[in-house]
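Colleague: Sharing a structure with you now.
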Amino acid sequence: MTFAIEWAGPVSACDVCQRPLADEPGFGDAEVPGTGGSWGLLCLACCAAAGVRWGWGAGQQYERQEGGGWTLRRGLC
Ligand SMILES: [Zn+2]
Numbered sequence: 022m023t024f025a026i027e028w029a030g031p032v033s034a035c036d037v038c039q040r041p042l043a044d045e046p047g048f049g050d051a052e053v054p055g056t057g058g059s060w061g062l063l064c065l066a067c068c069a070a071a072g073v074r075w076g077w078g079a080g081q082q083y084e085r086q087e088g089g090g091w092t093l094r095r096g097l098c
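Below, the structure is given as structure tokens:
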């Protein structure tokens, strides 16, 4: 399997700490624990602090690509 799922579109800032995600090695598109099911874009530090679960329906982690763009790293299943 050689396909890669890529994040389409811009990334803004971490919804928790407001750190610009463009400067991070990766980010999570995830359900934020304790929010009653609200999703956000979180930097990896906030994902870890919040206890984000990686999985379909829970959270996807994207990793920065050399040359730009983001590919799915965790959370497909
Ligand atoms: Zn953050």
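Just so you know, we're using the numbering used here here: the sequence shown kicks off at 22 and counts up by one. For each residue, glycine too, the CB sits at the ideal point set by N, CA and C.
1. To which residues of the same chain is proline 41 closer than 6 Å at the C-beta, ignoring the five residues directly before and after it?
2. So glutamate 45 and leucine 65 are supposed to be a Cβ contact under 8 Å. How far apart are they, rounded?
3. Is it buried or exposed, glutamate 52, if we count other Cβ atoms within 10 angstroms and call 16 or more buried?
4. Would you tell me roughly how many angstroms separate the C-alpha atoms of glycine 80 and glycine 88, rounded to the nearest one?
5. Buried or exposed for tryptophan 77, going by 16 or more other Cβ atoms inside 10 Å?
6. With alanine 51 as the anchor, note down where its beta strand (DSSP E) starts and where it stops.
7. Around ligand 1, what residues have a beta-carbon under 6 Å from a heavy atom of it, in chain order?
8. Could you tell me which uninterrupted alpha helix (DSSP H) segments, each at least 4 residues in length, are contained entirely in the stretch 25 to 74, listed from first to last along the chain?
Modeller: With the given structure in hand:
1. For the purposes of this step, residue 41 is taken as residue 20 along the sequence shown, with counting starting at 1. Once the five neighbours on either side are set aside, the close Cβ partners of proline 41 are Ala34.
2. Taking the first residue of the sequence shown as position 1, residue 45 is located at position 24. Taking the first residue of the sequence shown as position 1, residue 65 is located at position 44. In this structure glutamate 45 is in contact with leucine 65, their Cβ atoms being roughly 7 Å apart against a cut-off of 8 Å.
3. Within the sequence shown, residue 52 is the residue found at index 31, counting from 1. So glutamate 52 ends up on the buried side.
4. Translated into the one-based positions of the sequence shown, residue 80 becomes position 59. Translated into the one-based positions of the sequence shown, residue 88 becomes position 67. It is roughly 25 Å from the alpha-carbon of glycine 80 to the alpha-carbon of glycine 88.
5. The sequence position of residue 77 within the sequence shown is 56, counting from 1. Taking all protein chains shown into account, tryptophan 77 has fewer than 16 neighbouring C-beta atoms within 10 Å of its C-beta and is therefore exposed.
6. Here residue 51 refers to the residue found at position 30 of the sequence shown. Its beta strand (DSSP E) spans residues 47 to 52.
7. So the residues near ligand 1 by this Cβ test are Cys35, Val37, Cys38, Arg40, Leu63, Cys64, Ala66 and Cys67.
8. Taken in chain order, the whole alpha helix (DSSP H) runs of length 4 or more contained in the stretch 25 to 74 are 65 to 71.
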